[in-house]
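A quick write-up on the structure given underneath.
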Amino acid sequence: MSYWTWDDSLSVGIDVIDGQHRRIVDYINELDAARASRDQDKITEILMGLVDYTRTHFAFEEDMMQQAGYPLSASHKRVHDAFTAHIDKYAAQHDAGQDVSRKLASELQIWLTNHIKNDDRDYAPYASKVLSQSWLKRTLGRFFG
Ligand SMILES: [Fe+2]
Ligand SMILES: [Fe+2]
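Residue numbering for the sequence shown follows the UniProt record's numbering, starting at 1 and increasing by one per position.
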């Protein structure tokens, strides 16, 4: 059974963003499974992937918000920055040998649910202005390529 199951209440109505959020949910489920199996190497690998993917997702959203002229881009970015610093702290604690995976998974679930339903959903009407196929291809390539 997975730790966290995606459902439509988390959708912001933009496929590319929903896909990225789903990937983060998958990472959290993978982290929980690795924690249960006590496989330290696996936990490290997933944790690093999760931190890296989350940063890339934030950067993608920030670029999209800015290009769409979303008026709250700067404050949304500050929220991302603060949370990135918070996750980095957990990664450092993990590197120092502490078992942080459960706490990280639970905090990430709470934070992400709240952030998606409020902050991310708020930019959605603006984002649709820049979401052409060519923009998507170019921008996804730049961040995830
Ligand atoms: Fe997001
Ligand atoms: Fe966001």
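Ideal Cβ positions, reconstructed from N, Cα and C, are used throughout, including at glycine. Quick caveat: nothing in here was measured; it's all calculated off a predicted structure.
Q. Considering Ile110, what are the terminal residues of the alpha helix (DSSP H) in which it resides?
A. Here residue 110 refers to the residue found at position 110 of the sequence shown. Ile110 -> alpha helix (DSSP H) spans 101-115.
**Q.** Sub-9 Å separation of Met64 and Tyr123 beta-carbons
**A.** Working through the sequence shown from its first residue, we reach residue 64 at position 64. Working through the sequence shown from its first residue, we reach residue 123 at position 123. Yes, Cβ-Cβ distance for Met64 and Tyr123 is below 9 Å.
Q: Within the same chain, show all residues whose beta-carbon is closer than 7 Å to that of Ile116, passing over the 5 residues directly before and after it, in chain order.
A: Working through the sequence shown from its first residue, we reach residue 116 at position 116. Within the same chain, Ile116 has close Cβ partners Leu10, Val12, His21.
Q: May I ask whether a heavy atom of ligand 2 can be found less than 8 Å away from the beta carbon of Phe58?
A: Residue 58 sits at position 58 when you count from the first residue of the sequence shown. Yes, Cβ of Phe58 sits closer than 8 Å to a heavy atom of ligand 2.
Q.
For Gln66, report the span of its alpha helix (DSSP H) as first-last.
A. Indexing the sequence shown from 1 puts residue 66 at position 66. 40-67 is the span of the alpha helix (DSSP H), which, as asked, contains Gln66.
Q: Alpha carbon to alpha carbon, how far is Asp99 from Ser134? Give it in angstroms, no decimals.
A: Walking along the sequence shown from the start, residue 134 turns up at place 134. Walking along the sequence shown from the start, residue 99 turns up at place 99. Going from the Cα of Ser134 to the Cα of Asp99 covers about 43 Å.
Q. Does ligand 2 have even one heavy atom less than 8 Å from the beta-carbon of Glu45?
A. Here the question's residue 45 lines up with position 45 in the sequence shown. No; taking the cut-off as 8 Å, the Cβ of Glu45 has no heavy atom of ligand 2 nearer than that.
Q. What first and last residue would you give for the alpha helix (DSSP H) that runs through Val79?
A. The residue given as residue 79 occupies position 79 in the sequence shown. Per DSSP, Val79 belongs to the alpha helix (DSSP H) from 73-95.
Q | 9 Å Cβ cutoff met for Glu61 and Ile17 | A | The residue labelled residue 61 in the question sits at position 61 within the sequence shown. The residue labelled residue 17 in the question sits at position 17 within the sequence shown. Yes, the Cβ-Cβ distance between Glu61 and Ile17 is below 9 Å.
Q) When the Cα of Asn114 is compared with those of Val79, Ala91, Asp39, which residue comes out closest? A) Translated into the one-based positions of the sequence shown, residue 114 becomes position 114. Considering only alpha carbons, the answer is Val79.
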